[in-house]
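Peer 1: In our numbering, the protein residues as written are 45 to 521.
Input: one structure, supplied below.
This is the structure:
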């Protein structure tokens, strides 16, 4: 049926460019094939770091890009109209008093960041400015913020225009507050020697060759390395609305769509390699989502049209890998569409409940309380607490810096924690650890001797449970 429905774009089952069988041990109704350019995703699956959730959508799916995107972002159903997003409502509940009480010494970082030039509905709260901000790169963001601006008015007229002016100036105020912090965290961080992909290596239109996802993930990895406490990041990669010319030269395995799948697969592999090299991978869960899927049948223009359900991909070292859901019955379609099996809120509820360890009241505020019992069990690791993520329970100082031989590391714990202190070079290679560092509440000091290590710039990392602080140190002999 697949080859009949998609005769002009189907991925072959034989030859050098045949589909990749994900897992021969799965039952027949969960056997799936990956595009031949998704070798990185296959490698992550074999490592236990990749899962596929099939047939995800919502009832009465709306075929408009704008409306359907709003539905996914707001966390509602087809007939709901919220002014806020599910992420914004979660953050608003978890961090009361935003934005007036933030940033603070305890929570100095943005609650959420969207890579790009705008903040989507997902981060909006019911009232006031969004719970997140948008950046392309932290240093450029800092330079931009410090190159513009005027004195704010002392009062605002009681009109719609006055409300809008106040709203804009609140956003400016938050941007100013976070700009220097993000620059400092970014400069304190690093990327390891993991190689991020740049170009699709096969035939595709020139406009599809560059990997737009990898640079975004590289910035995020460096921010995390620098100790940022931001809870949620959103990246974007467009081009999946493939109504025409999905393939090139009548080769169904290459073209713009193939390039997109390669970009996601290879960028995520590099991202997690980067995080693993720095000991940070267990702190990050990633997933894909789109406003809708594609119809089963291809069209005469070598493309596909708007459809209903679609797969979601989940990445991370703290997931239960596998295929969730069964293969759709292509002989029993719904108006040419893949039938809905999972509501997208079943997937997102697992993030809020199992990854963020949110209480029942938070799930009610997010409007996910009806999906708790049917959520999908793909989260494996213990939850990360808010305080650990925002690192308000410990602090660290390294001195003398620069040093010619020894570095003293002072740190303070507000409560007992599992502590590890390690030294890394700028490629992410570990140069050694402190043996049995103190882990009880209070102030502590330990010493690290660089020994035969050559002069250069290095990173001291203190891991406390699942949180991490990084300090850059200079060795000059």
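Idealized CB from N, CA, C, for every residue including glycine.
Since the structure is predicted, the reported quantities are computational estimates derived from the model, not experimental observations.
How many Å lie between residue 434 and residue 360 at the Cα?
Peer 2: Only weak support exists for where residue 434 lies, its pLDDT of 34 falling under 50; the coordinates are left without a value.
Peer 1: Would you report the Cα separation of residue 354 and residue 518, rounded to the nearest angstrom?
Peer 2: Those two C-alpha atoms are separated by around 50 Å.
Peer 1: Within its chain, find whatever has a CB closer than 6 Å to the CB of residue 1; leave out the 5 residues flanking it on each side and keep chain order.
Peer 2: Past the boundaries of the shown model lies residue 1; the chain is included only from 45 to 521, so the question cannot be answered.
Peer 1: According to DSSP, residue 524 sits in a beta bridge with which residue or residues?
Peer 2: Any property of residue 524 remains undetermined from this structure, which presents the chain solely from 45 to 521.
Peer 1: What are the uninterrupted segments assigned as beta strand (DSSP E) that are 3 or more residues long and contained completely in the stretch 65–115, given in chain order?
Peer 2: Entirely contained in the stretch 65–115, the beta strand (DSSP E) runs reaching 3 residues are, in chain order, 94–101.
Peer 1: Pick out the complete alpha helix (DSSP H) segments inside the stretch 422–506, 4 residues or longer, and give them in chain order.
Peer 2: Whole alpha helix (DSSP H) segments, 4+ residues: 430–434.
Peer 1: Check the C-beta distance from residue 111 over to residue 341 and give it rounded, since I have them as a contact under 8 Å.
Peer 2: Going by Cβ atoms, the distance from residue 111 to residue 341 rounds to 24 Å, so no, they are not a contact pair.
Peer 1: Return the chain-ordered ranges of every beta strand (DSSP E) run that is complete within the stretch 269–318 and spans a minimum of 3 residues.
Peer 2: Runs found: 276–278.
Peer 1: Suppose contacts are defined by Cβ-Cβ distances below 8 Å. Is residue 453 in contact with residue 465 by that definition?
Peer 2: Yes; because the gap between Cβ atoms is below 8 Å, this pair is in contact.
Peer 1: Residue 335 by DSSP, collapsed to three states: which one?
Peer 2: Here residue 335 sits in coil by DSSP.
Peer 1: What's the call for residue 251, buried or exposed, on a 16-neighbour Cβ count within 10 Å?
Peer 2: It counts as exposed.
Peer 1: Given a threshold of 16 other Cβ atoms within 10 Å of its Cβ, counted over all protein chains shown, does residue 86 qualify as buried or as exposed?
Peer 2: Looking at its Cβ environment, which holds 16 or more other Cβ atoms inside 10 Å, residue 86 is buried.
Peer 1: For residue 54 and residue 446, what's the separation of their Cα atoms in angstroms?
Peer 2: So the two alpha carbons sit approximately 60 Å from each other.
Peer 1: Is the number of C-beta pairs between the stretch 242–251 and the stretch 127–138 that are closer than 8 Å three or more?
Peer 2: The answer is no - the stretch 127–138 does not touch the stretch 242–251, with fewer than three Cβ pairs under 8 Å.
Peer 1: Under the three-state reduction of DSSP, which class applies to residue 342: helix, strand or coil?
Peer 2: DSSP places residue 342 in strand when its eight states are reduced to three.
Peer 1: Less than 8 Å separating the beta-carbons of residue 336 and residue 107?
Peer 2: Yes, the pair counts as a contact, with Cβ atoms nearer than the cut-off.
Peer 1: May I ask you to report which of helix, strand or coil DSSP gives residue 56?
Peer 2: In the structure shown, residue 56 sits in coil (DSSP, three-state: anything other than H, G, I, E or B).
Peer 1: Do you know how far the Cα of residue 391 is from the Cα of residue 420?
Peer 2: Their backbone Cα atoms lie some 6 Å apart in a straight line.
Peer 1: Please list the terminal residues of the continuous beta strand (DSSP E) segment that includes residue 410.
Peer 2: Unbroken run through residue 410 is the alpha helix (DSSP H), 404–410; no beta strand (DSSP E).
Peer 1: Determine the closest residue to residue 229 out of 521, 513, 138, with distance taken between C-alpha atoms.
Peer 2: Closest by alpha carbon: 513.
Peer 1: Grab me the residues of residue 363's own chain with a C-beta within less than 6 Å of its C-beta, minus the 5 sequence neighbours each way, in chain order.
Peer 2: Same-chain partners within the cutoff: 95, 422, 424.
Peer 1: Rounded to whole angstroms, what's the CA-CA distance from residue 74 to residue 226? Just pull it up for me.
Peer 2: Near 43 Å, if we compare the C-alpha coordinates of residue 226 and residue 74.
Peer 1: Just list the residues that DSSP pairs residue 158 with in beta bridges.
Peer 2: Answer by DSSP bridge pairing, in chain order: 178, 278.
Peer 1: Helix, strand or coil, according to DSSP, for residue 329 in the structure here?
Peer 2: Coil.
Peer 1: Looking at C-beta atoms only, is the number of pairs between the stretch 263–270 and the stretch 310–327 that lie closer than 8 Å three or more?
Peer 2: Yes, since at least three Cβ pairs between the stretch 263–270 and the stretch 310–327 fall closer than 8 Å, the two stretches touch.
Peer 1: Please state the DSSP three-state secondary structure of residue 415.
Peer 2: Residue 415 falls in the helix class under three-state DSSP.
Peer 1: In three-state terms, what does DSSP make of residue 221?
Peer 2: In the structure shown, residue 221 sits in a helix (DSSP, three-state: H, G or I).
Peer 1: Around the C-beta of residue 383, are 16 or more other C-beta atoms found within 10 angstroms, so that it is buried, or is it exposed?
Peer 2: Exposed, by the Cβ-count rule.
Peer 1: Could you tell me the alpha carbon to alpha carbon distance between residue 440 and residue 260, rounded to whole angstroms?
Peer 2: Spanning the two alpha carbons is a distance of roughly 28 Å.
Peer 1: Can you look up residue 323 in the DSSP assignment and give me helix, strand or coil?
Peer 2: Three-state result, residue 323: coil.
Peer 1: Given 8 Å as the limit, is there contact between the stretch 292–301 and the stretch 322–334, that is, 3 or more CB pairs closer than that?
Peer 2: No: the two stretches stay apart, fewer than three of their Cβ pairs being nearer than 8 Å.
Peer 1: If I measure Cβ to Cβ from residue 286 and keep anything under 8 Å in the same chain, skipping five residues before and after, which residues do I get?
Peer 2: Cβ neighbours of residue 286 beyond the five flanking positions: 300, 301, 338, 347, 348.
Peer 1: Does residue 366 come out as helix, strand or coil in the three-state DSSP assignment?
Peer 2: Reduced to three states, the DSSP call for residue 366 is strand.
Peer 1: By the 10 Å Cβ neighbour count, where 16 or more other Cβ atoms means buried, how is residue 499 classified, buried or exposed?
Peer 2: Exposed, by the Cβ-count rule.
Peer 1: So residue 117 and residue 148 are supposed to be a Cβ contact under 8 Å. How far apart are they, rounded?
Peer 2: The Cβ separation is near 27 Å, so there is no contact.
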